[in-house]
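Chemist: The structure that follows is given in the form of structure tokens.
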Amino acid sequence: MKGTNVALVPLSLEHVSDFLRYSSDPTLWTWWLRQPPVDAATMRNEVEAALAQQKSGQRLPFSIFHLARKECIGSTSLLHIDTVNRSVEIGSTWLASAFHKTGINRECKDLLLTYAFTKLGMNRVALQTDELNLRSRRAIEMLGAKLDGILREDQITWNGRRRSSAVYSILKSEWTPNQAPEPTRFARGLA
């Protein structure tokens, strides 16, 4: 899947070295559920786990490849793929801090929504985040997703905190194909 600034390419162990350029930033992992992949061993484990889930049909993991820089700057996935009920979740997303607030995350989500609704034939796409992660919640709401509810203390984070998850969804009937997000600052030539 190719956008203006990024392409979502199949996740590969070959991308670990690119990821390691950015993963030591502790602010990336504030809301992460699992142990933060900040070194080569934990990043490799993270990628191997995603690839194992792909092999079992539970997940479609992608690397976020920056077209101008020619490097992978993060990762995202389609999870909980339910072909019977035509439902999927976008999640396990991280993006290098240098690319926050640039529109690239929105571009990735738009690519995944288009793929889920038009190629996979899904009717519902879910997204969830920590109830306390207000930046992520605003970004999800800007996609047009509706809050389905809060799952109270449904998960335990890597540091032992009990997390409550804000669960959102977008239905195919609510989604407008080919929605054009705001041009990113990279597309406008500002970075």
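Position 94 of the sequence shown, counting from 1, maps to 143 under our numbering, and the rest follow consecutively.
Backbone N, C-alpha and C define an ideal beta-carbon position, used for all residues, glycine too.
#1: Would you please state the rounded distance, in angstroms, between the beta carbons of Y71 and A145? I believe it to be under 8 Å.
#2: Would you identify the three-state DSSP class for H149, choosing helix, strand or coil?
#3: So, using beta-carbon positions, are L169 and I139 closer together than 8 Å?
#4: How many Å lie between A89 and V65 at the Cα?
#5: Spatial neighbours of R211 within its chain, please: CB distance less than 7 Å, with the 5 preceding and 5 following residues excluded, ordered by chain position.
#6: How many Å lie between T76 and V58 at the Cα?
#7: So what does L200 bridge to, in DSSP terms?
#8: With distances taken from CA atoms, which of L176, L220, I122 is nearest F148?
#9: Check P110 in the structure and name its three-state DSSP category.
Modeler: Per the coordinate set shown:
#1: In the sequence shown, the residue the question calls residue 71 occupies position 22. In the sequence shown, the residue the question calls residue 145 occupies position 96. The pair is a contact, with the Cβ atoms about 4 Å apart (cut-off 8 Å).
#2: Taking the sequence shown and counting its residues from 1, the one referred to as residue 149 is at position 100. Coil.
#3: In the sequence shown, the residue the question calls residue 169 occupies position 120. In the sequence shown, the residue the question calls residue 139 occupies position 90. For L169 and I139, no; Cβs fall outside 8 Å.
#4: Numbered from its first residue, the sequence shown carries residue 89 at position 40. Numbered from its first residue, the sequence shown carries residue 65 at position 16. In a straight line, the C-alpha of A89 is about 7 Å away from that of V65.
#5: In the sequence shown, counting from the first residue as 1, residue 211 sits at position 162. Excluding sequence neighbours, R211 sits near E202, I205.
#6: Translated into the one-based positions of the sequence shown, residue 76 becomes position 27. Translated into the one-based positions of the sequence shown, residue 58 becomes position 9. About 25 Å.
#7: The residue you call residue 200 lines up with position 151 of the sequence shown. Under DSSP, L200 shares a beta bridge with S214.
#8: As a first step, residue 148 is located in the sequence shown; it is residue number 99 there, counting from the start. Taking each of L176, L220, I122 in turn and checking the Cα distance to F148, the smallest one comes out for I122.
#9: For the purposes of this step, residue 110 is taken as residue 61 along the sequence shown, with counting starting at 1. Here P110 sits in strand by DSSP.
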